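Have a look at the structure below, then the notes.
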Amino acid sequence: MSQVNNSEVMTKVLNSFFHVIGTKTSPAHAWLTLKIILQNLEYEYDFIKNVDVVDIKEVNDFLKEKNYTKIDFSIVDIQTEVVDTIYKEEVGKAIQSLADKLKKSLGTTAGYHFMSEFINELGDEYSTIIKSIGVELRLVDMQDELYGRVIENYKLEEDKGSNIAFIEKK
Amino acid sequence: MEKKKVMFVDDNPDLRIMVKKGLERISKNYQVNSVNGAKECFKSLNSGEIPDIILLDVMMPEMNGWDILAKLRSEEKWAKIPVIFLTAKTDDTSVGLGTLTSDGYITKPFQLEDLKNKIENFFEDR
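If you're matching them up, the sequences are chains R and Z in order. Counting from 1, position 16 in the first sequence corresponds to residue 16 in the numbering used here; the numbering is continuous, with no gaps. The numbering used here runs 1000 ahead of the 1-based position in the second sequence.
Here you go:
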């Protein structure tokens, strides 16, 4: 079981989501996305009331800095004294729910690539930590589903007499 | 019945005219204010012209639709204005994230009749 505080895990996860969403849309929209998801999560996990994103003005100020690096900035405003007392499994369930909401919104193909980027952004250490508290991003399952779709599409093209070559997805 | 005020935010002048004239022609229920990008959008809002719904393009110079939506949602006085994206961004990620944060996502090209139906359905479902 992880020795890292809950607040550190939540902060790292939310910042990683922020940076991935920010590159797909915009940092301000990533801020909005996380704010909406956290508001929804409050109904499922009471402790999420103590986890919020910073004011949008801070995001805008951060973006105005010409030589900013993402390491310098955290999107998260968290009550550590409360969140650190929560069972780690409960925090894991909340992170799982957050990831599931994003995956559901994006669908299989975009969801798979999104989660791959998220794990990359999160890094090995925190990927292992969230797994140890029960978070399962099921990338392998998603890849299987994608692979299945590629084969299915290939068969459909083949049935139609297409000459399109089948390229195996690694 | 009082007409619903629709604000359409897009940098394409032809589309601004088409949506305004088209929507007002096929439905007597809407009064469309077509504005050119973020500057005109916020100028209109700041003047007290609060629409019943905003149709928002994504890819615009100066300030894109993602940022406009975030600004709207972060200001208490505008946070509850319904926003539907009306955009040529059709990739799954944009559609998914846009749908999550807005009240609807319509991709270009579109039929005016479909746009009218989507707006009507939105108001009926509320």
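Positions of the beta carbon are idealized from the N, C-alpha and C atoms, including for glycine. Small disclaimer: the values here were computed from a predicted structure and weren't measured.
Closer than 9 Å at the beta carbon, the chain Z residues around residue i
i      : result
S16/R  : Those within 9 Å of S16/R in chain Z number zero; the least Cβ separation is about 15 Å.
F73/R  : Residues of chain Z passing the Cβ test: none, with the nearest at roughly 16 Å.
G148/R : None at all; the shortest Cβ gap to chain Z is about 17 Å.
F118/R : Near F118/R there are no residues of chain Z at all, since even the closest Cβ is about 12 Å away, more than 9 Å.
F62/R  : Under the 9 Å cutoff, chain Z gives no residues; its nearest Cβ is about 14 Å from F62/R.
Assigned secondary structure, residue i (DSSP; H/G/I helix, E/B strand, else coil)
i       : result
L1100/Z : helix
T25/R   : coil
M1001/Z : coil
Q3/R    : coil
N1064/Z : coil
N1033/Z : strand
M1007/Z : strand
L1055/Z : strand
L1015/Z : helix
Y45/R   : coil
D84/R   : coil
R1073/Z : helix
S1044/Z : helix
S1027/Z : coil
I95/R   : helix
V195/R  : In the structure as shown, chain R starts at 1 and stops at 170, and residue 195/R therefore has no counterpart that could be examined.
I1176/Z : In this structure chain Z extends from 1001 to 1126, so residue 1176/Z is not present and cannot be described.
Which residues DSSP lists as bridging residue i, in chain order
i       : result
D52/R   : D77/R
Y126/R  : None, per the DSSP bridge assignment.
T1087/Z : T1107/Z
Partners in chain R for residue i, counting only beta-carbon separations shorter than 9 Å
i       : result
L1069/Z : A28, H29, L32
Under 7 Å from the C-beta of residue i: neighbouring residues of chain R
i       : result
R1016/Z : Under the 7 Å cutoff, chain R gives no residues; its nearest Cβ is about 23 Å from R1016/Z.
G1096/Z : S105, L106, G107, A110
L1115/Z : Residues of chain R passing the Cβ test: none, with the nearest at roughly 23 Å.
W1066/Z : T25, S26, A28, H29
T1101/Z : H29, L32, T33, I36
S1074/Z : I56
Own chain partners of residue i with C-beta closer than 8 Å, once the 5 adjacent residues on each side are dropped
i     : result
Y45/R : E90, K93, A94, S97
N40/R : K101
I86/R : N6, F47
Chain-ordered chain Z contacts of residue i [CB-CB under 8 Å]
i     : result
K24/R : T1093, S1094, L1097
I21/R : L1097
Sequence-distant residues of the same chain with beta carbon closer than 7 Å to residue i, five excluded per side
i       : result
S16/R   : F118, E121, L122
N1029/Z : M1001, K1003, K1004
Proximal residues to residue i (C-beta, below 6 Å), its chain only, five neighbours per side dropped
i       : result
T1090/Z : T1107
K170/R  : Confidence at K170/R is low in this model, with a pLDDT of 37, below 50, so the placement of that residue should be treated as unreliable; the coordinate-derived value is given next. Nothing meets the Cβ criterion.
Y126/R  : K12
E168/R  : Here E168/R scores only 42 on pLDDT, less than 50, and its place in the model should not be relied on; the value that follows carries that caveat. Closer than 6 Å at Cβ, skipping near neighbours: no residue.
Chain Z residues whose Cβ lies nearer than 7 Å to that of residue i
i     : result
F47/R : Per Cβ cutoff of 7 Å: no residues; F47/R is ~22 Å from chain Z at best.
Worksheet item: Does the count of Cβ pairs from the stretch 1032–1040 of chain Z and the stretch 1009–1017 of chain Z closer than 8 Å reach three?
Response: yes
Worksheet entry | Inter-stretch contact at 8 Å, needing at least 3 Cβ pairs: the stretch 1114–1121 of chain Z / the stretch 1037–1051 of chain Z | no
Discussion item. I'd like to know if the stretch 1–10 of chain R and the stretch 70–86 of chain R are in contact, where contact means that at least 3 CB-CB pairs between them fall below 8 Å.
Written reply: yes
Worksheet item: Would you call the stretch 22–39 of chain R and the stretch 48–58 of chain R in contact, with 3 or more CB pairs under 8 Å?
Response: yes
Worksheet entry | Touching by the beta-carbon criterion (3+ pairs, under 8 Å), the stretch 1022–1030 of chain Z and the stretch 1069–1089 of chain Z | no
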